[in-house]
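Sequence order for the protein chains is C and E. Okay, so the first sequence: first residue is 491 according to our numbering, each after it adds one. Okay, so the second sequence: first residue is 491 according to our numbering, each after it adds one. We put the CB at the ideal spot given by N, CA and C, even for glycine.
Number of protein chains: 2
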Amino acid sequence: MQVWKDYQAKNKDRFLEELLSLLRIPSVSADSRHNEDTKRCAEAVKERLIEAGAEKVEVCPTAGHPIVYGEKIIDANLPTVLVYGHYDVQPPDPLELWHSGPFEPVIKDGKIYARGSADDKGQFYMHVKAVETMIATNTLPCNVKFMIEGEEEVGSANLGIFIKENKERLKADVVLISDTAMISLENPSIDTGLRGLSYMEVEVTGPNRDLHSGVYGGAVANPATILCQMIASLHDKDNHITIPGFYDDVVDLSDAERKALNSAPFDLKEYITDLEIADVWGEKGYSVFERTGTRPTLEVNGIWGGYTGEGAKTVLPSKAYAKISMRLVPNQDNHKISDLFKAHFEKIAPNNVKVKVTPHHGGNPYVTPTDHVAFKAANKAYAATFGKEPIPVRGGGSIPIVALFEKELGLKTVLMGFGLDSDNLHSPNEKFDLANFYKGIETIPYFHQYFTEMSKK
Amino acid sequence: MQVWKDYQAKNKDRFLEELLSLLRIPSVSADSRHNEDTKRCAEAVKERLIEAGAEKVEVCPTAGHPIVYGEKIIDANLPTVLVYGHYDVQPPDPLELWHSGPFEPVIKDGKIYARGSADDKGQFYMHVKAVETMIATNTLPCNVKFMIEGEEEVGSANLGIFIKENKERLKADVVLISDTAMISLENPSIDTGLRGLSYMEVEVTGPNRDLHSGVYGGAVANPATILCQMIASLHDKDNHITIPGFYDDVVDLSDAERKALNSAPFDLKEYITDLEIADVWGEKGYSVFERTGTRPTLEVNGIWGGYTGEGAKTVLPSKAYAKISMRLVPNQDNHKISDLFKAHFEKIAPNNVKVKVTPHHGGNPYVTPTDHVAFKAANKAYAATFGKEPIPVRGGGSIPIVALFEKELGLKTVLMGFGLDSDNLHSPNEKFDLANFYKGIETIPYFHQYFTEMSKK
Chain C
491 MQVWKDYQAK NKDRFLEELL SLLRIPSVSA DSRHNEDTKR CAEAVKERLI
541 EAGAEKVEVC PTAGHPIVYG EKIIDANLPT VLVYGHYDVQ PPDPLELWHS
591 GPFEPVIKDG KIYARGSADD KGQFYMHVKA VETMIATNTL PCNVKFMIEG
641 EEEVGSANLG IFIKENKERL KADVVLISDT AMISLENPSI DTGLRGLSYM
691 EVEVTGPNRD LHSGVYGGAV ANPATILCQM IASLHDKDNH ITIPGFYDDV
741 VDLSDAERKA LNSAPFDLKE YITDLEIADV WGEKGYSVFE RTGTRPTLEV
791 NGIWGGYTGE GAKTVLPSKA YAKISMRLVP NQDNHKISDL FKAHFEKIAP
841 NNVKVKVTPH HGGNPYVTPT DHVAFKAANK AYAATFGKEP IPVRGGGSIP
891 IVALFEKELG LKTVLMGFGL DSDNLHSPNE KFDLANFYKG IETIPYFHQY
941 FTEMSKK
Chain E
491 MQVWKDYQAK NKDRFLEELL SLLRIPSVSA DSRHNEDTKR CAEAVKERLI
541 EAGAEKVEVC PTAGHPIVYG EKIIDANLPT VLVYGHYDVQ PPDPLELWHS
591 GPFEPVIKDG KIYARGSADD KGQFYMHVKA VETMIATNTL PCNVKFMIEG
641 EEEVGSANLG IFIKENKERL KADVVLISDT AMISLENPSI DTGLRGLSYM
691 EVEVTGPNRD LHSGVYGGAV ANPATILCQM IASLHDKDNH ITIPGFYDDV
741 VDLSDAERKA LNSAPFDLKE YITDLEIADV WGEKGYSVFE RTGTRPTLEV
791 NGIWGGYTGE GAKTVLPSKA YAKISMRLVP NQDNHKISDL FKAHFEKIAP
841 NNVKVKVTPH HGGNPYVTPT DHVAFKAANK AYAATFGKEP IPVRGGGSIP
891 IVALFEKELG LKTVLMGFGL DSDNLHSPNE KFDLANFYKG IETIPYFHQY
941 FTEMSKK
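As structure tokens, then:
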């Protein structure tokens, strides 16, 4: 609509300035040294929601980082959209690889470089500005509720409790999230599913103290060596995961689904060149899209043990550790998988080491019902602003709480991601393209309009 | 001799105080942040040698940490003993496991707890005090030279150069070193050999940046996983090392030698209990003494990659690293082994990662000629103060420069170690028993006396 266009054109610089100020707050949820920053960030989100025209805006304390709630109810009889997002961000390290400060946003070649620019400050903020646009131009067609949390990057441990305690307040017809990516501005896509997650930490203990590797080496099991052997055994030569029962609940895609998925535009050469790798890797018999979207995986996210400082230390370490996470697909259950991993990892440990397995967090996979009115409305919204229908794709990432919304609130979720896979999420030099930021703000109001119209029918 | 006994009894507290002051200097050679401390420690050693009666004492600069030289020449026609030791120490980390500050020595239950107490400040200082004893009582029977270096824990890179440039000044009849352990005060032992060392650092690179483990996981080789697989493949199921040619030059012990070695008193149950492990580990077909003394080994000294901080980060790391060292036995050559390792490690790397292998330092194994007059003199010295002949054993550790002394100076080395395997060398809470410290000071003069007498014959 022209009024939206005009309003957004008039305010586009302010929209950006406001986002940059949010990006300057290092709201790293995983690092307790940043607890004050996450608090500060929640307060800033509250202020922005109020300025945008939301009401009953509140920073809701939890056992962890607070959740920011706000709403704009225009008519109880109209449909309600619950917008979810998160203001917390991933740790920025390794810092030395950033070209500019992770919390000193810079704009280069039409891209905003900062931790959280795409994941998820830049994306949830598109909704704040889209709703502001509709309120300011008296065109808001339905009710809107905002729930912006601060623990998505650490497993949303307290969001589930908040939802259980606020079912009335969170009543809605659909959940709308922008925390995923699209193929490109030329080829808009929409996620029809997300992978689940099971994140474990393992500790392998050998001798009760670090030992001289000469005096004891050869006679005492080295926990670093043993950990490597255990991790190596988790994949077979075809890169299948060897945990017994791991694949039992995996729903295989139909040939038609595989065909549709693999028909999405993809340039393997460009993919390889961008990552500077000689070749892709993965489970035998599946394409890159299938490996990242529809197949479960097991990754070592971190490993450490022994002497890792400058120079050489001839030590046989007492302990070695690893952070290992698994991405899950329908119908795997993250609790069941965590239990299978723990049992298997303890079982394969040789008797001359002790093993401790601790689950960090997890979430179940999710598949969007493509026949849902909100999904159709989203498709129509993309078509309105991009000039073409979005390509349905399966996202490889996880938003564990999507499954929770369905279970606790009985709500389906629509994933309107406007980022790109190349945004360096969770990596140094995370970025978000200005064009995508503005395109999102432009597209979202159409979703509200079509969803309201189509719901009435 | 009684005069020695009397002198040492009168001065024993001062001897200890002097050692403690040396232990308070954090002379960590591997960590450049301690370069000023190592300098300070070298100056302190110089002062101590002068006080003990040594002459021409000098702190000799090198490209790295300085070497302290001193001598006491009483008669050019008498034999000369070259005492070698090192004033540098291992890094103290992990600091949190120390019961008291690594550089704030405390005495508990008759033991000195401090980094360097046994390795090697406490042990080389026994020689300083033994020589002081002989000089002060006008009983020094031969010439003595001291060469105390500051880079033993980092591979003695500059000692070789110093030796080449000072062959005249270092002329001697034997090298005497106390930097190893004995079985116990009840069962004195003497090392008849040392293992060599080849220390490598490996870097495995996957994608050019850290990636989101959900977006890319499953399609891109994870360098941490690959590194684990590569390390796991370095041992077979019998814990033999799989590097082609690794064992080619290993000299197997004769049945008689194996029998003698295994006849040394050893309590497996106590060994296991002390380390709190369920069982020992190692190469199939060999005893603990053989595994640590006469067989080559490969140990992971450190491993790191990805996110190792608090909480969870779902990252697919760009790089993973490991420090891997091999202990060598006669007649393996450390350069040849380093080359074999590098070639093999590069060969087993899959094509979708890049591998960089960098050698840190190394040294060749050494076997003491048990028929050498100095070795016999050492045996007699132990007998004089312990009341029994020492048991011949093979040390698992390495003093790389021992082989160098033979090559460059044509000198054999005698290893009179007075530490214990349980001294926590290279570990938190390193200690040295006061009884062993004083026993060493008491025994060393007898070595000089017997060596001089037996050399005349």
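### Task
Pair every Cβ in the region 876-884 of chain C with every Cβ in the region 627-638 of chain C, then say whether three or more of these pairs are closer than 8 angstroms.
no
### Query
So, helix, strand or coil for residue 781(C), using DSSP?
In the first sequence, the residue the question calls residue 781(C) occupies position 291. Three-state result, residue 781(C): helix.
### Task
Using beta-carbon positions only, say whether residue 886(C) and residue 817(C) come within less than 8 angstroms of one another.
Position 396 of the first sequence holds residue 886(C). Position 327 of the first sequence holds residue 817(C). Result yes, Cβ atoms of residue 886(C) and residue 817(C) sit closer than 8 angstroms.
### Message
In this structure, how does DSSP classify residue 680(C) when only helix, strand and coil are distinguished?
### Response
In the first sequence, residue 680(C) corresponds to position 190, counting from 1. Looking at residue 680(C) - three-state DSSP - the assignment turns out to be strand.
### Message
Would residue 673(E) and residue 754(E) qualify as a contact pair, given that the criterion is a beta-carbon distance under 8 angstroms?
### Response
Start at 1 with the first residue of the second sequence, and residue 673(E) comes out as number 183. Start at 1 with the first residue of the second sequence, and residue 754(E) comes out as number 264. Cβ distance < 8 angstroms, so residue 673(E) and residue 754(E) count as in contact.
### Query
Taking Cβ to Cβ, would you say residue 536(C) is nearer than 8 angstroms to residue 518(C)?
Within the first sequence, residue 536(C) is the residue found at index 46, counting from 1. Within the first sequence, residue 518(C) is the residue found at index 28, counting from 1. Cβ atoms of residue 536(C) and residue 518(C): not closer than 8 angstroms.
### Query
So what does residue 546(C) bridge to, in DSSP terms?
Within the first sequence, numbered from 1, the residue matching residue 546(C) stands at position 56. Paired residues: none, contrary to the question.
### Query
Count the other CB atoms within 10 Å of the CB of residue 688(C); is the residue buried (16 or more) or exposed (fewer)?
Translated into the one-based positions of the first sequence, residue 688(C) becomes position 198. Buried is the call here.
### 7 angstroms Cβ cut-off: residues of chain C touching residue 677(E)
Position 187 of the second sequence, counted from the first residue, corresponds to residue 677(E). Simply none; closest approach about 17 angstroms.
### Task
Closer than 8 angstroms by beta-carbon distance: list the chain C residues that pair up with residue 813(E), in chain order.
The residue labelled residue 813(E) in the question sits at position 323 within the second sequence. Residues of chain C passing the Cβ test: 796, 797, 798, 802, 803.
### Task
Report yes if the CB atom of residue 558(C) is closer than 8 angstroms to the CB atom of residue 666(C), and no otherwise.
Within the first sequence, the letter at position 68 stands for residue 558(C). Within the first sequence, the letter at position 176 stands for residue 666(C). Contact: no.
### Query
Beta-carbon of residue 522(E) versus every beta-carbon of chain C: anything under 8 angstroms?
Here residue 522(E) corresponds to residue number 32 of the second sequence, with the count starting at 1. It does; some Cβ of chain C falls within 8 angstroms.
### Task
Closer than 7 angstroms, Cβ to Cβ, to anything on chain E: give me those residues from the region 908-941 of chain C, in chain order.
911, 914, 915, 916, 917, 918
### Message
Please list, in chain order, the chain C residues whose beta carbon lies closer than 9 angstroms to that of residue 945(E).
### Response
In the second sequence, the residue the question calls residue 945(E) occupies position 455. Neighbours of residue 945(E) on chain C: none; closest Cβ ~32 angstroms, over 9 angstroms.
### Query
Short check: CB of residue 614(E) to CB of residue 679(E), under 8 angstroms?
The residue labelled residue 614(E) in the question sits at position 124 within the second sequence. The residue labelled residue 679(E) in the question sits at position 189 within the second sequence. Taking 8 angstroms as the Cβ cut-off, residue 614(E) and residue 679(E) do not qualify as a contacting pair.
### Query
Helix, strand or coil: how does DSSP classify residue 717(C) here?
In the first sequence, residue 717(C) corresponds to position 227, counting from 1. Helix, per DSSP.
### Query
Hey, quick one: how far does the beta strand (DSSP E) through residue 603(C) stretch, first residue to last?
Position 113 of the first sequence, counted from the start, is the residue given in the question as residue 603(C). Per DSSP, residue 603(C) belongs to the beta strand (DSSP E) from 601-603.
### Query
Within 7 angstroms: the Cβ of residue 702(C) and any heavy atom of the ligand SAM?
The ligand SAM is absent from the structure shown, which contains no ligand whatsoever.
### Query
Across which residues does DSSP place residue 818(E) in a beta bridge pair?
Here residue 818(E) refers to the residue found at position 328 when the second sequence is read from its first residue. Paired residue(s): 686(E).
### Query
So, is residue 512(E) buried or exposed, given that buried needs 16 or more other C-beta atoms within 10 angstroms?
As a working note, residue 512(E) is residue 22 in the second sequence. By the neighbour-count rule (16 or more Cβ atoms within 10 Å), residue 512(E) is buried.
### Query
chain C beta carbons: is any one of them nearer than 8 angstroms to that of residue 718(E)?
For the purposes of this step, residue 718(E) is taken as residue 228 along the second sequence, with counting starting at 1. Yes - at least one Cβ of chain C is within 8 angstroms of the one on residue 718(E).
### Message
Strictly under 8 angstroms for the Cβ-Cβ distance: is residue 673(C) near chain E by that measure?
### Response
Indexing the first sequence from 1 puts residue 673(C) at position 183. For residue 673(C), the answer is no, since every Cβ of chain E falls outside 8 angstroms of its Cβ.
#### Entry: Residues near residue 695(E) by beta carbon distance below 7 angstroms, same chain, minus five either side
Residue 695(E) sits at position 205 when you count from the first residue of the second sequence. For residue 695(E), where only same-chain residues beyond five positions count, the Cβ hits under 7 angstroms are 713, 808, 809, 843, 844.
### Query
Exposed or buried, what is residue 744(C) when buried is set at 16 or more other beta-carbons lying within 10 Å of its beta-carbon?
Position 254 of the first sequence holds residue 744(C). So residue 744(C) ends up on the exposed side.
### Query
Span of the alpha helix (DSSP H) holding residue 923(E)?
Translated into positions along the second sequence, residue 923(E) becomes position 433. Unbroken run through residue 923(E) is the beta strand (DSSP E), 921-923; no alpha helix (DSSP H).
### Query
residue 722(C) CB to nearest chain E CB: under 8 angstroms?
The residue you call residue 722(C) lines up with position 232 of the first sequence. Chain E, which has a Cβ nearer than 8 angstroms to the Cβ of residue 722(C), makes this yes.
### Query
Between the C-alpha atoms of residue 832(E) and residue 909(E), what's the straight-line distance to the nearest angstrom?
If you number the second sequence from 1, residue 832(E) lands on position 342. If you number the second sequence from 1, residue 909(E) lands on position 419. Rounded to the nearest angstrom, the two C-alpha atoms are 35 angstroms apart.
### Query
Under a three-way DSSP split, which group does residue 884(E) fall into?
In the second sequence, residue 884(E) corresponds to position 394, counting from 1. If DSSP states are grouped into helix, strand and coil, residue 884(E) belongs with the strands.
### Task
Whole angstroms is fine: what's the gap from residue 948(E)'s alpha carbon to residue 839(E)'s?
Residue 948(E) lies beyond the residue range present for chain E, which begins at 491 and ends at 947; the question has no answer from this structure.
### Message
Less than 8 angstroms between the beta carbons of residue 803(E) and residue 797(E), yes or no?
### Response
As a working mapping, residue 803(E) is identified with position 313 in the second sequence. As a working mapping, residue 797(E) is identified with position 307 in the second sequence. Yes, these two residues count as a Cβ contact at 8 angstroms.
### Message
Can you check whether the C-beta of residue 737(E) is within less than 8 angstroms of a C-beta belonging to chain C?
### Response
Your numbering for residue 737(E) matches position 247 in the second sequence. For residue 737(E), the answer is no, since every Cβ of chain C falls outside 8 angstroms of its Cβ.
### residue 660(E) beta carbon less than 8 angstroms from that of residue 942(E)
Taking the first residue of the second sequence as 1, we reach residue 942(E) at position 452. Taking the first residue of the second sequence as 1, we reach residue 660(E) at position 170. For residue 942(E) and residue 660(E), no; Cβs fall outside 8 angstroms.
### Message
Restricting to runs no shorter than 4 residues, where is the alpha helix (DSSP H) found entirely within the region 843-924 of chain E?
### Response
863-876, 891-894
### Task
Figure out for me which residue from 693(E), 773(E), 760(E) has the closest Cα to the Cα of residue 728(E).
As a first step, residue 728(E) is located in the second sequence; it is residue number 238 there, counting from the start. Checking every option, the nearest Cα to that of residue 728(E) belongs to 773(E).
### Beta bridge counterpart(s) of residue 789(C) as assigned by DSSP
Taking the first residue of the first sequence as position 1, residue 789(C) is located at position 299. According to DSSP, which records beta bridges pairwise, residue 789(C) is partnered with 815(C).
### Message
Excluding the 5 residues flanking residue 813(C) on each side, which residues of the same chain have their C-beta closer than 6 angstroms to its C-beta?
### Response
Against the first sequence, residue 813(C) aligns to sequence position 323. The residues are 691, 791, 792.
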